[in-house]
Amino acid sequence: MTDYHFKDTRGLTIWTCVLAAAAIVLTLVNLCDDLYTTHLFRGVLEHDAARTMTLRTHVHALITLQTTLNGTLILLWVVNVVLFCVWLYRSACNTRALGAQGLDYSPGWTVGYFFVPIANLVLGYQCMREVWKASHAPENWSQIKNPPLLLAWWVTYIAASATSRIASTMLKGVGTDMQALLIASNIEMVGMALSMLAAGMYIRIVWRISTVQRSHYLTPPMRVDEAALPDMQPG
1 MTDYHFKDTR
11 GLTIWTCVLA
21 AAAIVLTLVN
31 LCDDLYTTHL
41 FRGVLEHDAA
51 RTMTLRTHVH
61 ALITLQTTLN
71 GTLILLWVVN
81 VVLFCVWLYR
91 SACNTRALGA
101 QGLDYSPGWT
111 VGYFFVPIAN
121 LVLGYQCMRE
131 VWKASHAPEN
141 WSQIKNPPLL
151 LAWWVTYIAA
161 SATSRIASTM
171 LKGVGTDMQA
181 LLIASNIEMV
191 GMALSMLAAG
201 MYIRIVWRIS
211 TVQRSHYLTP
221 PMRVDEAALP
231 DMQPG
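1 is the number that full-length UniProt numbering gives to position 1 of the sequence shown; each next residue is one higher, with no gaps.
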């Protein structure tokens with residue numbers, strides 16, 4: 001039987017949240033860039049000479065900006081995935097160190113299920129839900145209600161990923177079809193908006209789990225035999 005010891009995840013939590021916040025900012029900049037580019041593309045379709053000339057003048061700068069933003073976002077995503085895996089493993093271990101018993105997923109599989117295709121769509125959420133519950137009430141975690149925030153985050157995250165994949169596939173096959181390009185760009189921007197929303201909820205979830213775990217560790221539940229008994233001697 002593994003002997004678990006509590007490890008404070010504040011450092012990991014801060015870095016994880018900072019990188020997620022940075023991704024939100026960069027995604028917002030990318031979204032603004034896409035909105036502006038789409039505005040110029042519409043000008044071409046509408047035979048607007050001014051917007052068409054602006055697009056021709058700044059097209060290379062816009063492409064360079066978008067390429068740089070996408071590359072930076074990918075780098076942030078890779079680093080954040082690594083940090084999240086370490087954070088999640090330690091958090092799962094901490095639930096056991098705090099006294100949670102009868103958990104369905106080991107710390108290793110709590111992380112591992114995120115990398116199992118198709119199964120991760122369900123098991124990833126279930127693993128996170130278990131860590132959330134066991135963090136909030138280690139001794140009676142199974143009685144905790146499912147947190148709406150966690151489900152909202154997971155659904156939004158899945159929707160953002162699916163939307164981005166659809167947009168990416170469409171953009172590869174648009175060629176010179178300006179109308180198809182606009183449709184794909186609009187779908188891509190919806191994916192960006194969803195990803196920012198998911199990242200915001202992700203920050204809240206990670207921070208909350210870390211906070212409640214530390215709170216439980218610093219103020220463990222008092223047992224009856226540890227409680228100070230009142231002085232029953234006659235005066």
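Every residue, glycine too, gets a C-beta built ideally from N, C-alpha and C.
Suppose contacts are defined by Cβ-Cβ distances below 8 Å. Is residue i in contact with residue j by that definition?
i	j	result
alanine 184	methionine 196	no
valine 116	leucine 88	no
leucine 98	glutamate 130	no
alanine 198	tryptophan 153	yes
arginine 96	tyrosine 4	yes
asparagine 94	glutamine 66	no
threonine 27	leucine 62	no
serine 135	isoleucine 74	no
tryptophan 207	threonine 13	yes
cysteine 127	tyrosine 157	no
valine 174	alanine 167	no
alanine 23	leucine 76	yes
leucine 182	threonine 163	no
proline 107	histidine 216	no
In terms of residues, what are the limits of the alpha helix (DSSP H) holding residue i?
i	result
residue 268	Nothing can be reported for residue 268: it is not among the residues displayed for the chain, which extend from 1 to 235.
proline 148	148-172
glutamate 130	120-136
tyrosine 36	10-45
leucine 88	49-97
valine 111	107-112
Inter-stretch contact at 8 Å, needing at least 3 Cβ pairs: the stretch 34-50 / the stretch 117-131
no
Taking three-plus beta-carbon pairs below 8 Å as touching, is the stretch 72-88 in contact with the stretch 53-63?
no
Would you check if the stretch 176-191 and the stretch 145-157 touch, i.e. whether three or more CB-CB distances between them fall below 8 Å?
no
Cβ contact (3+ pairs, closer than 8 Å) linking the stretch 198-213 and the stretch 4-22:
yes
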